[in-house]
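Here the sequence shown stands for residues 793 to 923, numbered as in our numbering.
For every residue, glycine included, the Cβ atom is placed at its ideal position computed from N, Cα and C.
Computed from a prediction, not measured in an experiment: that's the story for all the values here.
Worksheet for the structure shown next.
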Amino acid sequence: MTQQLRWPNIEAALVAYFSAALAIPVFTTTGTETASTHDRFLKIERSGTSSLWISKHMDISISVITHDRSSMWDLVADTESTLESLNPGQAGPIYIDEVEEIFGFAYDPADDPALRQASAIFSLTLRPNQG
Numbered sequence: 793m794t795q796q797l798r799w800p801n802i803e804a805a806l807v808a809y810f811s812a813a814l815a816i817p818v819f820t821t822t823g824t825e826t827a828s829t830h831d832r833f834l835k836i837e838r839s840g841t842s843s844l845w846i847s848k849h850m851d852i853s854i855s856v857i858t859h860d861r862s863s864m865w866d867l868v869a870d871t872e873s874t875l876e877s878l879n880p881g882q883a884g885p886i887y888i889d890e891v892e893e894i895f896g897f898a899y900d901p902a903d904d905p906a907l908r909q910a911s912a913i914f915s916l917t918l919r920p921n922q923g
């Protein structure tokens with residue numbers, strides 16, 4: 793019998809990984825209640841993939857959101873260092889072979905004028921889970 797391969801939920805793994813590593817809230821969607829209850833937080837979204845069948849490049853969009861520009865750039869530096877520790881490394885049960893910066897962090901106007909946001913896109917190369 794052939795073993796089934798299943799691609800991991802990279803969003804869920806990165807939410808858990810960054811929440812623990814940075815000790816801040818991490819979301820996949822955000823709303824106005826998020827900004828009013830947290831001084832700084834991350835938003836992580838899977839934005840695309842390409843596959844080699846033995847590995848997959850999953851593009852991840854990461855937004856750093858704070859209430860002032862200075863703390864935004866501090867959180868960007870912390871986020872970049874945390875992401876670099878996965879090159880190669882593990883986010884929970886998921887082994888990541890490589891982290892590649894596709895578009896580095898740049899200021900990105902937030903929907904709420906009281907917030908400061910910087911966004912970036914990274915490609916993570918990973919293998920399927922067996923099971």
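- Per DSSP, reduced to three states, the secondary structure at T821 is coil, with no helix or strand assignment.
- Nearest to L814 by alpha-carbon distance, out of L916, I852, L867, K848, is L867.
- In the structure shown, R919 adopts coil according to DSSP, grouped into three states.
- In the displayed model, I846 falls within coil according to three-state DSSP, outside both helix and strand.
- Closest option to V818, judged by alpha-carbon separation, among W799, I857, T841, S847: I857.
- Under a 10 Å Cβ-count criterion, Y899 is classified as exposed, with fewer than 16 other Cβ atoms of the shown protein chains found around its own Cβ.
- Distance from the Cα of L878 is smallest, within the candidate group E803, D889, F895, H849, for D889.
- In this structure, F914 sits near L875, with a CB-CB distance shorter than 8 Å.
- The straight-line gap separating the alpha-carbon atoms of A906 and W865 is approximately 16 Å.
- For S855, the secondary structure class from DSSP, reduced to helix, strand or coil, is strand.
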